[in-house]
Every structure is written in structure tokens, then in C-alpha cells.
Amino acid sequence: MTTIEHNAGLSGRAATTGGLGEARGRMTPVASSVLACLLLTACAGARYHQDGMSQIDDGHIDSGIASLKKATELDRSQSYKIDYLVQRDRHADAFVKQADQLRASGDIAGARDLYGRALALNPANVRAATALKALDQDARNDQLLAEGERYLKDGKLDAAGERAARVLADQPNHKQAAQLRKAVLDARAAAELERERFREAKSVMSSPVTLQFRDATMRTVFEALSKSTGLNILLDREVKADGRVTIFVKDVAVEDAIDLILMQNQLEKRIINSNTMMVYAATAAKQSEYQELTVRSFRVTNSDLKYISGMLKTMLKLKDVSADERSGLLVIRDTPETLRIAEKLIALHDEPDPEVMLEVEVLEISEGRNSNLGVQPPSAITISTPTGGAATPGGTVSNLTISQLRQLGVGGLTVTPIAGTLNFKLQDTETRILASPRIRARNREKAKIMIGDRVPTIINNVTPVNGGSSVVTGTVTYQDVGLKLEFEPQVYASNDVGIKINLEVSNIAREFTDTQGSRSYQIGTRNASTFLRLADGETQVLGGLITDEERNTADKIPGLGHLPVVGRLFGNSSTNKSRSEIVLAITPRVLRSYANLGSERSSVFSGTALTLRDRQILADPVGGLSLPNSTGARPAPAPTPVSGISPAPQPPGAPGVPGAPSPAVPQVPAQTAPAMPLGGGGLPPPPPMIQR
Numbered sequence: 013m014t015t016i017e018h019n020a021g022l023s024g025r026a027a028t029t030g031g032l033g034e035a036r037g038r039m040t041p042v043a044s045s046v047l048a049c050l051l052l053t054a055c056a057g058a059r060y061h062q063d064g065m066s067q068i069d070d071g072h073i074d075s076g077i078a079s080l081k082k083a084t085e086l087d088r089s090q091s092y093k094i095d096y097l098v099q100r101d102r103h104a105d106a107f108v109k110q111a112d113q114l115r116a117s118g119d120i121a122g123a124r125d126l127y128g129r130a131l132a133l134n135p136a137n138v139r140a141a142t143a144l145k146a147l148d149q150d151a152r153n154d155q156l157l158a159e160g161e162r163y164l165k166d167g168k169l170d171a172a173g174e175r176a177a178r179v180l181a182d183q184p185n186h187k188q189a190a191q192l193r194k195a196v197l198d199a200r201a202a203a204e205l206e207r208e209r210f211r212e213a214k215s216v217m218s219s220p221v222t223l224q225f226r227d228a229t230m231r232t233v234f235e236a237l238s239k240s241t242g243l244n245i246l247l248d249r250e251v252k253a254d255g256r257v258t259i260f261v262k263d264v265a266v267e268d269a270i271d272l273i274l275m276q277n278q279l280e281k282r283i284i285n286s287n288t289m290m291v292y293a294a295t296a297a298k299q300s301e302y303q304e305l306t307v308r309s310f311r312v313t314n315s316d317l318k319y320i321s322g323m324l325k326t327m328l329k330l331k332d333v334s335a336d337e338r339s340g341l342l343v344i345r346d347t348p349e350t351l352r353i354a355e356k357l358i359a360l361h362d363e364p365d366p367e368v369m370l371e372v373e374v375l376e377i378s379e380g381r382n383s384n385l386g387v388q389p390p391s392a393i394t395i396s397t398p399t400g401g402a403a404t405p406g407g408t409v410s411n412l413t414i415s416q417l418r419q420l421g422v423g424g425l426t427v428t429p430i431a432g433t434l435n436f437k438l439q440d441t442e443t444r445i446l447a448s449p450r451i452r453a454r455n456r457e458k459a460k461i462m463i464g465d466r467v468p469t470i471i472n473n474v475t476p477v478n479g480g481s482s483v484v485t486g487t488v489t490y491q492d493v494g495l496k497l498e499f500e501p502q503v504y505a506s507n508d509v510g511i512k513i514n515l516e517v518s519n520i521a522r523e524f525t526d527t528q529g530s531r532s533y534q535i536g537t538r539n540a541s542t543f544l545r546l547a548d549g550e551t552q553v554l555g556g557l558i559t560d561e562e563r564n565t566a567d568k569i570p571g572l573g574h575l576p577v578v579g580r581l582f583g584n585s586s587t588n589k590s591r592s593e594i595v596l597a598i599t600p601r602v603l604r605s606y607a608n609l610g611s612e613r614s615s616v617f618s619g620t621a622l623t624l625r626d627r628q629i630l631a632d633p634v635g636g637l638s639l640p641n642s643t644g645a646r647p648a649p650a651p652t653p654v655s656g657i658s659p660a661p662q663p664p665g666a667p668g669v670p671g672a673p674s675p676a677v678p679q680v681p682a683q684t685a686p687a688m689p690l691g692g693g694g695l696p697p698p699p700p701m702i703q704r
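Counted from 1, the sequence shown has number 172 at position 160 by the working numbering; the numbering is strictly sequential.
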């Protein structure tokens, strides 16, 4: 039994030992497999990365980005990840940009597809997600635009404009909505123009009339005008109808005749429609009550907005004026007549500034001669004793003793090396520096040309510190060295150009450096300032900035060097000559001059000191004027006489009498009240007149 157990134990130990060995045998293939898998994964990542870049180059964006993403999952290389992120974001943004363009043009389906592709590439793309949600609003906007188009065709301009405004509030850059709004504005302008033409055609204000009243009441005159022309005249409660009127006019427009009557009694009128007007007192309170005001915006791009605003307030006595300098908008609220005058003044001042192209040629001519001729003798000869004597404990040679010096002869003295130089130098220099800049400048604006270098000047300040090293604080400033040209042009009405010129030419003459490391320069300058007036294309040459310098240096042996002729063999002479001149040629060319104002633009009628008007009360004979059709003026029909005085008899051939030739006035049909002819000549008798 014991043996059996012992064997069993041995057997158990042997089994255990075999199990460990077997385990060790199984680990080696696993490690090999893991290593092989890692190698295969790295190779697969490289293959996916290469395939992805190739697919992107071939235009297969979606599959290429997917391959790059797979490469980053298989291989955690930073370069693969960077390529994936860069390509993903770049192409996702490109899809979003293309989708925005399709959305703006109205292609909702195409935009939806591109937004979806962008989100498939990059689910975190906020622009694509937001725009995709907004496509539903685009569908509603398309419905609004369709309704607006139908309303526009039906002539319902307010409803069409409201639809366009709702779409533009959501998408300010929507092209179709902007086109619809423009079409609505054009339709409104055309309708307003047609209404204006209709009112002018129906208006009796331009019909000719003849008035002959002496010291008549205003009520009498207005009743006669109303009965004869069909004009409805309403009087304000504060208008005194018993005011006196004296007027003798013939063949004038009804509006001019009424203006003359109102001026006599300090009254104003408001045109209500083509045959109705309201008369009120010309006081500030009544004007505020009856005058209709309009708000209008003017874009001022060339002139100073503050000056324009102040000028209008001064000239036209405007109160409601707002100026926005950021956008260049001038907003005015006043009567239509005042706005028409303001429009003329703004157009007169808002002209582009003149511009000048300045062609400059800067020429610097330098000449120099450096000569060095003759024999350069030695400047000094040193005779010394030899360094003899006993050596000291330190190893150096001691000085000669007196006894040694007495024993020293002439042959024992030492002399420094003597050298002479024969110079044959002659150098001529010629320099020509040309700068030819061209610069464009506005009228009365400074322009500057700088050709050169910015030289640093270093200043170091040393601050002592107790118990430590000093603190050095340095500052650097820069100075322009070279050619500096400043000019300010002024264009005159005759296309002459006045130019204020400042010219400076500088160079570094010397450089200074101190013990603290500070560095500064001595600058040599030549300046010229002038003001000249040249014609367009005229060239002016400015010169005279001359520097002439000559330096002579002679090295001679005393006595021998002063001998005539042969003395040059015992000396050396050096000569430095330099001469420079700066020439400036300037040619102005006017690219844009002042606009021609003309008498029709420079003169703006503005009424009286108390009343602003955009037209004069001329009271010209309407029936006697001969106007060509090209002017667009509508000639009036035959004058309607309204008289309180019996007219003088007319001969049979006179105008306005039967049998007389018609005046050479083009006839345009007009809706006027029936004429009230004067009696006589076979005509029906006139209605009874109120006479005084």
C-alpha cells in the first residue's frame, strides 16, 4: 500500500509537471496569433486609408469618408484620424454650401438631399441640422409666394406685398420673394403714375380762365370760379369770406389764378382731388393741420452727411431730419414740395469727388572721384635699446643697467621696421537712382509715397540695483530713411490741378554706439516744399537739390615734400570729390473732374421766405402759348372768362370770336366744365354775373 501511494504521489507530481509544460506550449502560439492579428489590422487600416483617399479623389465622397473612418477604427494612427476629420468637415461644409444655394433658388428636394448627405458625413454639423428643419418652413414660404403671385395677377398689391414681406422676414436672401416684392413695388408705382395721369386729365386746375374783378369779395370770386369751371372750393372756418380781391388776368391757368388770389389774403390751399380744394389760413397751426407730410430717405454716398443735413436745415428750415452716418441715409419728413426741393439740393451736392493720378519721377544723379597718388612715407621711426640683461626670479628680463648702456654702441640699437607705399589709385563713380511711382488720390486728400528703409534706433537705460547686477531697459524707435513724397491735390473747375508737395530725401551719414549698447544715427536730409498749379497732363521738373563736396589730404616728408616738382616723390595726396543732385518730375492727370452743374441744376426755385414752393406762379397766358408735343405739357382748352366788368367789343377776326383762326396750340382732350362764353357774336347770352 505504501508503494502504491508513493507511486501515486509520484504520478501526481508528474502529472502536475506535465500540465505546466503543456500550458507553456499553448501560450507561444497565442502570442504569435495576437502579433499576427495586430500586423493584419495595421495593414488593413493602411489599405482602408489609401482606398478612402483614392475614392475621394475620384469623386466618391461618401464611400471615401466611410473608408477613412474604418481606417481610424482599425488603426489608431493620429495621421489617419486627422485626414478623416479634415476630409469629413471639408466635404460636409461643401454639401451644406451647395444645399444653401439650392434652397435659395427654390430646389427644396435637392437641398434636402445634400443636407442629409452632410449629416451622414458629420452628424454634429449644426448648420445642416438647422437647415434641414427649416426646409418645412421653406415649403410654407413657397405656398406664400404662390399666393402672392396670384394676388399680384389679380391686382391685390397689398396682399401680395404682405406675402413677400413674410417670406423675407424668415429668409432675407430669398430671391423669389425679393422679385415678388420688387414686382409689387413696380406695380404700385405704375398704378400711382396712372392715377396721377388720370387726375391730371380730369383736373380743372390747368384750364385757362380770365378774371376781371375790382375790389370784389372773396366769396364772389370763388362762386364765379366754381360755377364757370366746376371747381369745388371748401373754406376753413377761420377763413374770412368777405376779404377783398382785385385781379385782372387773362388766359391763365386756374391754379395760378387761385394762387394769386390766396396770396392777397395770406391763405394757402390743399388739393384734395382733381376738382376739389380746401382753402385755409397760412398760419403755422393751420399748416400743421392741413399739410400732408411724407417721409423719404435719401442715400448720400459722396458728400458729408453732416454738411448735407445742416445745409437742408438752414436753407429749407427743416425740423424732422435724421442722418445715419453708418449707412449714409438721410431721412426727411416734410411736404412733397419741400421734398422735391431737397431732392434737387441733395443731387447737386452728392457728386463724386474729383480724382487725380500723379505720375512722379525722382532722379538722383551722383558723381564722385577718389584719387590716391604718390609715395606714402612712414609716419614714424622708433629706435630702442635691446631687451638684454639678467633674468629675474619671475622669469622676465630686467632693464639695462648703466654700465650695460655705456657699453652699448650704435650698432646695438634696435629700429622698428620702416615701410613705404607707392599709391596709384584713381576711382570715378557715377550713380543714377530712379524712382517712378504712380499714385491716385482724391481731391483735397493727402497721399504719401515712401521708398527706403525703417532704421531702428536703440536706447538702453541702465538702472543700478543694490546688491545685484544693474537692470538694462531698452526701447526701440524707427525712423524712415530714403525718399518720402507727400502731396495733396486740388482740382479746379478748369481742370487745372494745384499740388502741395513735400519732398524729403535722407540717408544715414554716421552711426553711433555707446557703452550701454545704445545705437543712433546721424541722418542727412534734403527737403523741398512747394505749391504749384499745373494743367491736366502738364509736366513740371523741379531740381536744384545739389550736394557738392571736395576733400583734399596730403601726407609729405617735411622739407622734401615741399620742393617744387620733385616734392611729389616725397609725399602722397588723396582727393575725394562727390556731387549729387535730385530732380523731381511731376505730371498730374485728372481722372474725374467736377460735374458740370449747368444753369438748370444750379438754380433751384424755393418760393418765398415764408412759403416753400417748387414751382413759380407765372400766370402765363395758357391759350396763347405754343408748346411742342415733345414737352409732354397738356395744352388747355379755350379760356373760360369769369368777369365782373363788361369786356371791350372784339373785332370779327380776333381770337375767341367766331370766324377767327384757331391758335397754333396742340389740342389735347380734357374733362373741363362747360365754358361760359361772353355775350355777343351770335353766342347764347351769358349767365348773370355778380358784379360790384
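Built from N, CA and C at the ideal position, the CB exists for glycine as well.
With distance defined between alpha-carbon atoms, name the residue in the options nearest to residue i.
i	options	result
residue 207	495, 442 and 286	286
residue 334	320, 327 and 219	320
residue 346	306, 373 and 542	306
residue 550	510, 542 and 588	510
residue 529	370, 484 and 167	484
residue 454	142, 600 and 161	600
residue 392	427, 361, 420 and 382	427
residue 581	340, 269 and 388	388
residue 68	99, 86 and 312	99
residue 519	503, 438, 440 and 376	376
residue 563	588, 437 and 264	588
residue 338	311, 325 and 354	311
residue 604	431, 501 and 342	501
With burial defined as no fewer than 16 other Cβ atoms inside 10 Å of the residue's Cβ, what is the status of residue i: buried or exposed?
i	result
residue 197	exposed
residue 417	exposed
residue 490	exposed
residue 280	buried
residue 82	buried
residue 176	buried
residue 117	exposed
residue 493	buried
residue 623	exposed
residue 131	buried
residue 576	exposed
residue 237	buried
residue 440	exposed
residue 215	buried
residue 398	exposed
residue 423	exposed
residue 270	buried
Under the three-state reduction of DSSP, which class applies to residue i: helix, strand or coil?
i	result
residue 321	helix
residue 149	helix
residue 481	coil
residue 341	strand
residue 331	coil
residue 142	helix
residue 623	coil
residue 88	coil
residue 65	helix
residue 569	coil
residue 419	helix
residue 217	coil
Below 8 Å on the Cβ atoms is my guess for residue i versus residue j; work out the distance and round it to an integer in Å.
i	j	result
residue 566	residue 585	5 Å
residue 560	residue 602	With a Cβ gap of about 38 Å, residue 560 and residue 602 do not count as contacting.
residue 153	residue 108	No, residue 153 and residue 108 are not in contact; Cβ-Cβ is about 19 Å, not under 8 Å.
residue 76	residue 64	5 Å
residue 583	residue 386	5 Å
residue 447	residue 495	6 Å
residue 353	residue 616	6 Å
Contact criterion: CB-CB distance below 9 Å. Does residue i meet it with respect to chain C?
i	result
residue 581	The structure shown contains no chain C, having only a single protein chain.
Report task. Give a yes or no on contact between the segment 469-478 and the segment 504-522, applying the rule of three or more CB pairs nearer than 8 Å. Result -> no
Query raised in the report: Between the segment 348-368 and the segment 568-575, do at least 3 Cβ pairs fall closer than 8 Å?
Result: no
Query raised in the report: When the Cβ atoms of the segment 182-200 are set against those of the segment 218-231, are three or more pairs found closer than 8 Å?
Result: no
Query raised in the report: Is the segment 133-148 close to the segment 159-172, with three or more CB pairs under 8 Å?
Result: no
Query raised in the report: Is the segment 294-306 touching the segment 255-265, taking contact as three or more C-beta pairs under 8 Å?
Result: no
Requested in this report: Please determine if the segment 83-99 and the segment 110-126 are in contact, where contact requires at least 3 C-beta pairs separated by less than 8 Å.
Outcome: no
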